Amino acid sequence: SFDKPNGICFSPDEKKLYVNESPKGIIYVWDVVDDTAITNKKEFVKLASGGYSDGMKTDSAGNVYCTGPQGVWVYSSSGTHIGKISLPNNASASNCAWGEADGKTLFITEGGTGNKSVYKIRPLSTDVKDETGFAFPKFFELNQNYPNPFNPSTNINFKLPQSGNVSL
2 SFDKPNGICF
12 SPDEKKLYVN
22 ESPKGIIYVW
32 DVVDDTAITN
42 KKEFVKLASG
52 GYSDGMKTDS
62 AGNVYCTGPQ
72 GVWVYSSSGT
82 HIGKISLPNN
92 ASASNCAWGE
102 ADGKTLFITE
112 GGTGNKSVYK
122 IRPLSTDVKD
132 ETGFAFPKFF
142 ELNQNYPNPF
152 NPSTNINFKL
162 PQSGNVSL
């Protein structure tokens, strides 16, 4: 019944199924019943950007990360807009995935017709934490490094809501 479904993911406990209808920028959620059926379709959120939605993932706390215009849009499991991970030059993001050994680094692919880059960010500070103590920023921005390519050094600009220790 969707025009162009794209991103799909489950909540960490696999009791919720999220699917976005890309052209409308709307994410829907269903309840998963006995691992065999879905029911109670509801509009979860309409992207704050009002634009195209793309790949999606959830984190271990149940927050939903949806790629789209100008970056990755982050929503709590209740549908509250937590923030946005901006890409350089307001580029659109096409997909994201959690990775590295502990699964707490977010890899983001850039979409569109311009530069095809992959970014990685490890959220560091916020009052929103999962059960392991992993913290999610309310706001942060990671920009493209320069010069790129580089040898032997490069600069990476970023913004955090408060000062603190940062690991790159």
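When you number the sequence shown by the working numbering, it's gap-free, plus one each residue, and the end is 169.
Glycine residues also receive a C-beta, built at the ideal position from the N, C-alpha and C atoms.
The structure displayed is predicted, hence computed values, not measured ones.
Query	Result
Return yes when the Cβ of Ala92 is within less than 8 Å of the Cβ of Lys58, no when it is not.	no
Do Val46 and Ile39 count as a contact pair if the criterion is CB distance below 8 Å?	no
Anyone know if the C-beta pair for Ser95 and Asp55 falls short of 8 Å?	yes
Output the boundary residues of the beta strand (DSSP E) element that contains Gly104.	Careful: Gly104 lies outside any beta strand (DSSP E) and carries neither H nor E.
Residue range of the beta strand (DSSP E) that Asp36 falls in?	Per DSSP, Asp36 belongs to no beta strand (DSSP E) and is neither H nor E.
For Asn156, which residues of its own chain have a beta-carbon under 7 Å away from its beta-carbon, when the five flanking residues on both sides are left out?	Asn146 and Tyr147
According to DSSP, is Pro150 part of a helix, a strand, or is it coil?	coil
Rounded to whole angstroms, what is the Cα-Cα separation between Ile122 and Leu88?	11 Å
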